[in-house]
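Chain order of the listed sequences is F and U. When you line the first sequence up against the working numbering, it's residues 1099 to 1719, in that order. When you line the second sequence up against the working numbering, it's residues 86 to 410, in that order. One structure is given below, encoded as structure tokens.
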Amino acid sequence: MDNILSITVFLPLIAGFVLLFLPNKMRYFFKGFTLIISVFVFARSIQIFRFGSPDYAWPIFQIDNLKLDLLLTARPLGAFILMFAMGFGLLITLYSLKSRATNSGARATNIYYGAILLTIGGSAGVLLSNHLLLLLIFWEIVTVSLYLLITTGGKNSNFAATKSFAMIGASDAAFLLGIAMVWVHSGTFVISDISLETTSAVSIIAFLLLMTAAVTKAGAMPLHTWLPTAGEYAPVSVMALLPAAIDKLLGIFLLVIIVKEIFILKSAALSVVLAIIGAATIIIAAMVAIVQHNIKKLLAYSAISQVGYMVLGIATMTPVGIAGAVFHMLNNAIYKCCLFLGTGAVEQATGTAEMDKLGGLGKKMPLTFATFLIAALSVSGIPPFNGFVSKWMVYQGVIKMGTESAVAGARLWPIWLIAAIFGSALTLAYSVKIIHSVFLSRLPSELKEVKEVSLPMKVPMVILALLCVFFGVFYLIPLERFIYPALGMEADAEILSTWASGLATILILIGIGLGVLVWLIGKLSRMVRIVPTWTCGEIQTNEQMTVPGTHFYKTVSSMGGLKQLYTGQEKGHFDTYNQGGRVGLALTGFLRWLHSGLLPMYLTWVTLGLLIILFIICRIW
Amino acid sequence: MSVPLNVLFWIVVIPGTVVLGLLACWIVRKVSALVQWRVGPPLFQPFYDVVKLMGKEILVPQEAQKAVFMAAPLVGMAGVLLLSIMLWRVAFVPAKPFVGDIIVAIYLMVLPSLALILGSSASASPHAAVGTSREMKLVMGYELSLVLALIVVIIKTGGTLNLAEIAQHTTVFSISNMLAFLVALLCVQAKLGFVPFDIAEAETEVASGVLMEYSGALLAVWKLAHAIMLVALPLFLVIVFLGGFDVTFLTMVFRGTFEPTLIMPLVWSICKYVLVLVLLILIKNTNPRVRIDQAMKFFWVYCGVALVAAIILATIGKNFGVSWL
């Protein structure tokens, strides 16, 4: 354990495992311990990123040519994502110190902190591992800790946890199968040694299986439905840590590894498959998001929708598209985490996440509002925030693919582009819906006493919001420092079109300054006067004057053609988990019918079976 | 662009755009008046209006989120100012890319609508909230059509995103480009909040909805932002769909060379701008207001189908070298 890589992976894993079995009365110990470990691991990950690290190898066993070695390596992509993943772990730990979601469910404090440490260690393992089987083991550790974390959400959370575990677990089975096929084909599990051309049927199926695992973890369609269910029942800090941040980082990391290292894509059809997944995910999830009533559920759909941009960017197979996808992964983790943390703050202050019951909190919780607004504008891709830059890169990737590549699939680029840009408008629509119904609009009478949350909860939100602004205005810094080296591209690669974000920001500030000037001249002449809301002379109560944001997009959901889709979605007809469950129930129903418990019945079956075997063995025909 | 010219650009462009915007406001009101058989306002009326508003007191609703309520008009105006500077720069110095490409331009065009949405939502007025929802749905509606229209242009110019290159390379007189231009014109109509798409303001239903609680200097800033939009949005259409705004004559004059042959392109450019403006005004004055669901359906279904046809035509034209398609 003298290697920095192995410490980073195994220290949190062991610590987390121990915490799971400690009595949960030691709450303050858990908090302090988790904080110390996460700070330590974060520092180590920065060290790994800055100075690199020698590879770590520890042979475990070897049977014939099936070799299982503990191979850890810090490749540029892994090291950079590791640094951010550990950073998110630290921020969430900090946030959890005062967050009520974990304090009220005191029953499960040990599980909560233990699982957080397991997540940190598991994701470090995934990002550093150079052996496919080990990668799968760490990947499973993250899945299991997601299950444990969702169960800490109190009543009904077991259902959500089971659903998430079943869906991700199913995709992990695909992962295992894919790994086996890759092994058969290439004879090794070591990632850096594999490079398969997708020319044969086996390698194409292996690619599709590994891709399924990656996009399910990231939350793309069609195996996405665990995310909204988890969003409804899991503690918000868990949503901010896993589905919003680390699951995205890991899923997209794996997808990039698959596309760039393990496989060499020769068949254009595969990139079209990826593009279809990406475009459909963007549009459908965003269309569902705009009609949600619960902030957490809405954000969960938004988290799904944003994965589409990353998948689409990778599908373009152009340098700018892939760089945009990885940058979007990073940006999305930042602002989505901030949005979930803001939701957590609102939930803690008011006791609800239903948009109908909220409103006007911008006055009561100004800091939460400001950070939430910045994150919401970022997710909508408003310049000069960070979401704009990465989306803009993905658009360029799509256009470049369409106009420069001669493959038949590339001809469809207008569809991908329209999905991406229109998806962005839909994103703006649901962001506006949350902002209106939670922070602006009118304050309900029962929320008059609401107070801003405490400092440990504010700090992570402020850090994330500042990162949103910084990565947006100075986008070349993260691109040249993290993303180009991670993807092995030239640091001064001239792949981007024009976006002088710094100049634009200055000009916008000048514009605002001019506006302030006009405003000041006005203010100097006459003072500002505070008046009650103008209601055209009618006397109305506060409740009567509230227009809830939840019904903003009724026009869309009741539009002919879309209406049926929305009702079907509401009933869960498009949920692969429900449909899979229905098939499973039919299957078990059939088996149950076979096992009636009647001896004559069994005897009949046995005799029939014997007869069949006899026929086959003796070949009577 | 030489240094003194550069300085001159920065000194002239902002006040110049504001003045032009107020002039365009006057044209809108005057032509509307003529259509409605009235005399119309004097030339300086929009300017007087803004000055008068700046002298009035600012009323802020008690329930409002004051920071957002007051910052919204400023951000909205800053957004359109940036857009118009960008477009002027494309006209004056086409060789050098400035601030952003065509995608940046689309996103900057969303900024004033977004500011309007947030500002009206922050005012905590029920009328404004209805306006907020309508404005957002309108944005959702026309954004789809606008992007489809831009895809036509991108196909025709072979994948460039640079505004100046688009202005040079697009074939104005082709079926797909004309279709795209007409739909984009309607999108601009909606962006400006002109009839038949003045659904979010709808004086007769929701008492100017989104703008309801604004008064005094804040309203003056909104009026100025709207005036600048009247310059920037038609200019965008001229640059992207109608072959660009040619001001070589002016830059030559500043450099001290008088080239009479270059007057015609300048006059022609101004004609294109006025044409777009007059088209907008005529549509405004000859149509009744539609409902929001009708507007969304119009943009998503009818304009969508027209533009998909235009995209197919443009692709065929590009692949087989038929420039008029």
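Cβ coordinates follow ideal geometry from the N, Cα and C atoms, glycine included.
- Between residue 283(U) and residue 1595(F), the CB-CB gap reaches or exceeds 9 Å.
- One Cα belongs to residue 120(U), the other to residue 367(U), and the distance between them is close to 8 Å.
- For the pair residue 218(U) and residue 1305(F), the Cα-to-Cα distance works out to about 44 Å.
- If you check each beta-carbon in the region 188 to 206 of chain U against every beta-carbon of chain F, the ones closer than 8 Å belong to 188, 189, 191, 192, 193, 195, 196, 199, 202, 203 and 206.
- When the Cα atoms are used, residue 1290(F) and residue 1172(F) turn out to be separated by approximately 12 Å.
- Beta-bridge partners of residue 146(U) (DSSP): 1629(F).
- Using a CB distance cut-off of 9 Å, residue 391(U) does not count as an interface residue toward chain F.
- In the DSSP secondary-structure assignment, residue 1156(F) is bridged to 1168(F).
- Look at the region 1365 to 1412 of chain F and you find these whole runs of alpha helix (DSSP H), each 4 residues long or longer: 1366 to 1387.
- The DSSP-derived three-state label of residue 1495(F) is helix.
- Scanning its chain for C-beta atoms nearer than 6 Å, with the 5 sequence neighbours on each side dropped, one finds around residue 1482(F) the residues 1570, 1571, 1599, 1602 and 1603, in chain order.
- Between residue 1511(F) and residue 1533(F), the C-beta spacing is not below 9 Å.
- With the criterion set as a beta carbon lying under 7 Å from some beta carbon of chain U, the members of the region 1574 to 1601 of chain F are 1595, 1596, 1597, 1598 and 1601, in sequence order.
- Residue 1391(F) and residue 1656(F) have their C-alpha atoms roughly 16 Å apart.
- In terms of CA proximity to residue 137(U), 303(U) leads the group 157(U), 303(U) and 383(U).
- Within the region 134 to 149 of chain U, 139, 140, 141, 142, 143, 144, 145, 146, 147 and 148 place their CB atoms closer than 7 Å to a CB of chain F, listed in sequence order.
- In the DSSP assignment, residue 305(U) falls within the alpha helix (DSSP H) that extends over 301 to 326.
- For residue 300(U), same chain residues with a beta-carbon under 7 Å away, outside a window of 5 residues either side, are 141, 143 and 144 in chain order.
- For residue 1458(F), the C-beta contacts it makes with chain U under 8 Å involve 148, 150 and 209, in order along the chain.
- According to the DSSP secondary-structure assignment, residue 1467(F) is paired through a beta bridge with no residue.
- For residue 357(U), no CB of chain F lies under 9 Å from its own CB, so it is not counted at the interface with that chain.
- Neighbourhood of residue 1494(F) in chain U, by CB distance below 9 Å: 186, 188 and 246, in chain order.
- Segment contact: the region 1400 to 1417 of chain F against the region 1425 to 1442 of chain F, three or more CB-CB distances shorter than 8 Å; contact assigned.
- Beta-bridge partners assigned by DSSP to residue 1161(F): 1164(F).
- With contacts defined as CB atoms closer than 9 Å, residue 1486(F) and residue 1479(F) qualify as a contacting pair.
- From the beta-carbon of residue 1479(F), the residues of chain U found nearer than 8 Å are 192.
- At a beta-carbon threshold of 7 Å, the residues of chain F lying near residue 306(U) are 1613, 1616 and 1617, ordered along the chain.
- For residue 190(U), same chain residues with a beta-carbon under 7 Å away, outside a window of 5 residues either side, are 168, 171, 248 and 321 in chain order.
- At a cut-off of 9 Å, the C-beta of residue 1467(F) has a neighbouring C-beta in chain U.
- Residues of chain U whose Cβ lies closer than 7 Å to the Cβ of residue 1520(F) are, in chain order, 228, 229 and 232.
- Note on geometry: alpha-carbon atoms of residue 1215(F) and residue 1136(F) lie some 8 Å from one another.
- Scanning its chain for C-beta atoms nearer than 7 Å, with the 5 sequence neighbours on each side dropped, one finds around residue 128(U) the residues 111, in chain order.
- Using a CB distance cut-off of 9 Å, residue 259(U) does not count as an interface residue toward chain F.
- For residue 1597(F), the pairing in a beta bridge is given by DSSP as 185(U).
- In the same chain as residue 1427(F), and ignoring 5 residues on each side of it, the C-beta atoms closer than 7 Å to its own belong to 1346, 1347, 1350 and 1408, in chain order.
- Note: residue 1288(F) is bridge-paired with 1229(F) in the DSSP secondary-structure output.
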